[in-house]
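Scroll down for the structure; my scribbles are underneath it.
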Amino acid sequence: MSSPFDGGVVLVTGASSGIGAALARQLAGRARVLILVARRQENLQALAEAIGDKTACEIEPVDLSDPAAVDALAARVLERHGAVDVLVNNAGLGDIGLFERSDLSKHDFMLRVNVQAVLRLTHALLPPMLARGRGGILNVSSGFGLQFMPLAAAYVGTKHFITGFTESLRLELSGTGVRVSQICPGPVATEFEGMAGNPVGRSPPAFVQIDADHCARVAIFGLDHDRALVVPGAVMTVVLWLGGWTPRWVLRLMYRGIGRWARARAA
Numbered sequence: 036m037s038s039p040f041d042g043g044v045v046l047v048t049g050a051s052s053g054i055g056a057a058l059a060r061q062l063a064g065r066a067r068v069l070i071l072v073a074r075r076q077e078n079l080q081a082l083a084e085a086i087g088d089k090t091a092c093e094i095e096p097v098d099l100s101d102p103a104a105v106d107a108l109a110a111r112v113l114e115r116h117g118a119v120d121v122l123v124n125n126a127g128l129g130d131i132g133l134f135e136r137s138d139l140s141k142h143d144f145m146l147r148v149n150v151q152a153v154l155r156l157t158h159a160l161l162p163p164m165l166a167r168g169r170g171g172i173l174n175v176s177s178g179f180g181l182q183f184m185p186l187a188a189a190y191v192g193t194k195h196f197i198t199g200f201t202e203s204l205r206l207e208l209s210g211t212g213v214r215v216s217q218i219c220p221g222p223v224a225t226e227f228e229g230m231a232g233n234p235v236g237r238s239p240p241a242f243v244q245i246d247a248d249h250c251a252r253v254a255i256f257g258l259d260h261d262r263a264l265v266v267p268g269a270v271m272t273v274v275l276w277l278g279g280w281t282p283r284w285v286l287r288l289m290y291r292g293i294g295r296w297a298r299a300r301a302a
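So in my numbering, spot 78 of the sequence shown is number 113, and the numbers just go up one at a time.
Structure below.
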């Protein structure tokens with residue numbers, strides 16, 4: 036069966052940088068139309084100009100934290116195209132630090148982008164896929180969607196939602212012709228840390244980090260081959276595999292130690 040990416044209308048959120056921009060660059064020439072969504076219009080315009088000779092691009096500068104703007108985006112896209120072939124829910128942000136010191140308004144913003152926008156876009160764009168009996172939904176989650184980690188309680192919660200939502204929706208849509216896949220990367224060399232913060236002053240070691248281009252290739256492979264879940268990078272694949280087989284009480288002991296160390300560092 037051919038991939039829904041090929042010759043299709045593909046909407047990518049968070050397309051102004053990082054994994055989203057890498058996905059757009061790699062899908063140029065495969066998709067018939069790329070709908071690039073993010074807040075930063077100048078970045079979207081630059082990306083569209085860079086790949087526009089391979090694929091028709093439409094830019095949508097939208098604040099995904101605004102539910103009305105998300106609904107209006109879906110309505111515009113359906114009015115222009117009738118349906119999208121693939122929805123890529125990539126946009127997301129995090130917040131790193133001690134939860135009691137965190138800015139609650141930032142958490143609210145994160146929930147609206149990481150969770151509500153995914154729900155609203157999927158709910159709006161899925162029915163036309165079902166009516167045609169084909170399509171794809173690719174959600175960008177995180178390794179934290181499969182594990183837990185101190186100093187990132189709210190962010191981890193949003194990614195557990197994406198992982199559970201994606202797995203459940205995939206089962207619900209089995210046999211409909213609509214593919215549902217997710218990628219759960221570990222640390223990716225993007226703008227994420229600069230936006231989320233780093234209260235302990237240490238970044239993940241270089242051998243653990245992966246680049247956005249590799250992450251995008253693995254994500255596309257996942258939907259192309261109708262995989263439920265893909266994890267980029269050999270190190271994170273092993274780490275998450277071991278985590279899946281390790282008893283929860285052992286993981287809690289390990290992460291408790293990390294939490295105490297991190298609290299002392301952030302104090």
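Backbone N, C-alpha and C fix where the C-beta goes; we use that ideal spot for every residue, glycine too.
Neighbour-count burial assignment, residue i, 16 or more Cβ in a 10 Å radius
{"i": "Q76", "result": "exposed"}
{"i": "I197", "result": "buried"}
{"i": "M164", "result": "buried"}
{"i": "I245", "result": "buried"}
{"i": "S177", "result": "buried"}
{"i": "G292", "result": "exposed"}
{"i": "G268", "result": "buried"}
{"i": "T201", "result": "buried"}
{"i": "A299", "result": "exposed"}
Residue i versus residue j: straight-line alpha-carbon distance, rounded
{"i": "V44", "j": "L139", "result": "37 Å"}
{"i": "V191", "j": "A297", "result": "16 Å"}
{"i": "F183", "j": "R283", "result": "10 Å"}
{"i": "R147", "j": "V123", "result": "17 Å"}
{"i": "A63", "j": "T48", "result": "15 Å"}
{"i": "D106", "j": "L156", "result": "7 Å"}
{"i": "L288", "j": "L82", "result": "45 Å"}
{"i": "L204", "j": "K141", "result": "28 Å"}
{"i": "A118", "j": "D143", "result": "30 Å"}
{"i": "G199", "j": "V265", "result": "14 Å"}
{"i": "G87", "j": "E207", "result": "36 Å"}
{"i": "R115", "j": "L161", "result": "16 Å"}
{"i": "S209", "j": "D261", "result": "11 Å"}
{"i": "G294", "j": "L286", "result": "12 Å"}
{"i": "A166", "j": "M145", "result": "32 Å"}
{"i": "L113", "j": "T281", "result": "45 Å"}
{"i": "A231", "j": "I218", "result": "With a pLDDT of 45 at A231, under the threshold of 50, the predicted position of this residue should be treated as unreliable, though the coordinate-derived value follows. Their Cα atoms are separated by approximately 20 Å."}
Beta-carbon contacts of residue i that lie in its chain and below 8 Å, excluding the five residues immediately before and after
{"i": "I54", "result": "N125, V175, P220, V223, T225, A247, C250, A251 and A254"}
{"i": "S137", "result": "D130 and A189"}
{"i": "L258", "result": "S38, P39, F40, V121, G171, L173, R214 and S216"}
{"i": "A85", "result": "R60"}
{"i": "R169", "result": "P39, D120, G212 and V213"}
{"i": "A56", "result": "A50, N78, L82 and A247"}
{"i": "L58", "result": "V47, A50, V123, N125, A251, A254 and I255"}
{"i": "R111", "result": "E95"}
{"i": "A104", "result": "V97 and D98"}
Sequence-distant residues of its chain with Cβ nearer than 6 Å to residue i (five each side left out)
{"i": "A159", "result": "A109"}
{"i": "L133", "result": "A301"}
{"i": "P234", "result": "Here the model assigns P234 a pLDDT of 47, short of 50, so the residue's position is not dependable, and the following value carries that caveat. Excluding sequence neighbours, P234 sits near G132 and A301."}
{"i": "R65", "result": "F40 and D41"}
{"i": "G127", "result": "N149"}
{"i": "A263", "result": "R205"}
{"i": "A91", "result": "V68"}
{"i": "K89", "result": "A63 and G64"}
Residues near residue i in its chain [Cβ-Cβ closer than 7 Å; skip 5 each side]
{"i": "A187", "result": "G129, I131 and F179"}
{"i": "L79", "result": "A50, S51, L71, A73, I94 and P96"}
{"i": "K194", "result": "S176, S177, F179 and G180"}
{"i": "Y290", "result": "F183, M184 and P185"}
Per-residue DSSP class, three states only, for residue i
{"i": "Q217", "result": "strand"}
{"i": "T48", "result": "strand"}
{"i": "L186", "result": "coil"}
{"i": "L264", "result": "strand"}
{"i": "L128", "result": "coil"}
{"i": "V123", "result": "strand"}
{"i": "L181", "result": "coil"}
{"i": "L99", "result": "coil"}
{"i": "A66", "result": "strand"}
{"i": "A81", "result": "helix"}
{"i": "L133", "result": "coil"}
{"i": "S37", "result": "coil"}
{"i": "G168", "result": "coil"}
| said: With a threshold of 8 Å, are at least 3 pairs of Cβ atoms found where one atom belongs to the region 90-102 and the other to the region 146-162? | reply: Yes, the region 90-102 touches the region 146-162.
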